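Chemist:
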Amino acid sequence: MTYPGRDRLEDPLTPEILLRAYAHGLFPMAERRGDDELFWVDPERRGILPLESFHLPRRLARTIRQQRFEVRIDQDFPAVIAACAEPAPGRQETWISPRIERLYGQLFQLGHAHSVEARREGQLVGGLYGVSIGAAFFGESMFSRETDASKVALAHLVARLRLAGYLLLDSQFITAHLRQFGAIELSRREYRARLARAVKVGAEFRGPPDPLPITLIEQILVRDTSG
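In our numbering, the protein residues as written are -7 to 219.
(1) Going by DSSP, what residues sit across from Arg38 in a beta bridge?
(2) Can you list, in chain order, the residues of its chain whose CB lies under 8 angstroms from that of Gly199, leaving out five sequence neighbours each side?
(3) Alpha carbons only, please: which of Arg180, Arg186 and Leu208 is nearest the one belonging to Arg35?
(4) What residue range does the beta strand (DSSP E) around Ser163 cover?
(5) Is it the case that the Cβ atoms of Tyr121 and Glu138 are separated by a distance below 9 angstroms?
(6) Tell me, to the nearest whole angstrom, how far the beta carbon of Ala110 is from that of Val117; I am working on the premise that it is less than 8 angstroms.
(7) Count Cβ pairs between the segment 171 to 180 and the segment 91 to 107 that sit closer than 8 angstroms; are there 3 or more?
(8) Are the CB atoms of Val191 and Ala13 nearer to each other than 9 angstroms?
(9) For Gln211, I'd like the list of residues in its chain whose CB is within less than 6 angstroms of its CB, leaving aside the five on either flank, ordered along the chain.
(10) Once the 5 residues before and after Leu149 are set aside, which same chain residues still bring their CB inside 7 angstroms of it?
(11) Return the residue from the list Gly17, Pro7 and Phe130 that minimises the CA-CA distance to Ala185.
(12) Hey, quick one: how far does the alpha helix (DSSP H) through Phe173 stretch, first residue to last?
(13) Would you mind listing the beta strand (DSSP E) stretches within the segment 101 to 149 that are 3+ residues and don't spill past its ends, in chain order?
(14) Grab the span of the alpha helix (DSSP H) containing Ile9 for me, first residue to last.
(15) Can you give me the C-alpha to C-alpha distance between Pro49 and Phe165, rounded to a whole angstrom?
(16) For Ile212, does the three-state DSSP call read helix, strand or coil?
(17) Mark Leu153 as exposed unless 16 or more other C-beta atoms lie within 10 angstroms of its C-beta, in which case mark it buried.
(18) Within 10 angstroms of its Cβ, does Ser218 collect 16 or more other Cβ (buried), or is it exposed?
And the structure:
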């Protein structure tokens, strides 16, 4: 697997260097799960999920109302990133190496990495994790062990970011999965301009209540839920 805009990442890599890289539009990836070498990635076209125009499909809105999953933040970050690193149908190989897990675990301890976790009957069944700097959130990966679990986690993430005053939700690349929520691509230049504005603004990921009340999520996200 290869990625556009890739340069070899030099050692040593610290959490502080990692945060500076994110603030300038770069992020690290490994070629595969068992590869300890990392690369900086700087795509020419960058995917984002516009927070103000996030599209919540009607069926997913109904699932959220049913409260099938209990959604919380930062309860078990290591379990979420480990689940994201597991093989899944259609994805037998992953870029999340043990070195990536260690680095992002350090960012979590520093308050710059966060997880959104969906549970059913106490069991972790879906979620996502990412990095937060200022009013920018960089989505890294998500996983789902039950239908819609990761999608519900994403909707909760968007509502939380909106409430906390975030300006940018970076998705790195565009996939068909993300397009259904309104994801778009930006040129590297436009992305960096938006990023530069966002990282200068103060926003607190843990500021809104946890868990978010369903009525509050509906108030923020439910507009035209067609589709």
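We treat Cβ as the ideally placed atom computed from N, Cα and C, and that holds for glycine.
Note that this is a predicted model, so its numbers are computed, not measured.
Modeler: In terms of the structure at hand:
(1) According to DSSP, which records beta bridges pairwise, Arg38 is partnered with Leu178.
(2) Only Leu155 and Ala156 meet the Cβ criterion.
(3) The sequence shown places Pro at residue 35, not Arg. Out of Arg180, Arg186 and Leu208, Arg180 has the C-alpha closest to the C-alpha of Pro35.
(4) Leu160 to Gln164
(5) In this structure, Glu138 does not lie closer than 9 angstroms to Tyr121 by Cβ.
(6) 6 angstroms
(7) No: the two stretches stay apart, fewer than three of their Cβ pairs being nearer than 8 angstroms.
(8) Not closer than 9 angstroms, so no.
(9) none
(10) Val108 and Leu120
(11) When each option's Cα is compared against that of Ala185, the closest is Gly17.
(12) Phe173 -> no alpha helix (DSSP H), and no H or E assigned at all.
(13) 105 to 112, 115 to 125 and 128 to 136
(14) Pro7 to Ala15
(15) 21 angstroms
(16) helix
(17) buried
(18) For Ser218, the predicted structure reports a pLDDT of 47, less than 50, and the residue's modelled location is therefore unreliable. The matter cannot be settled from this model.
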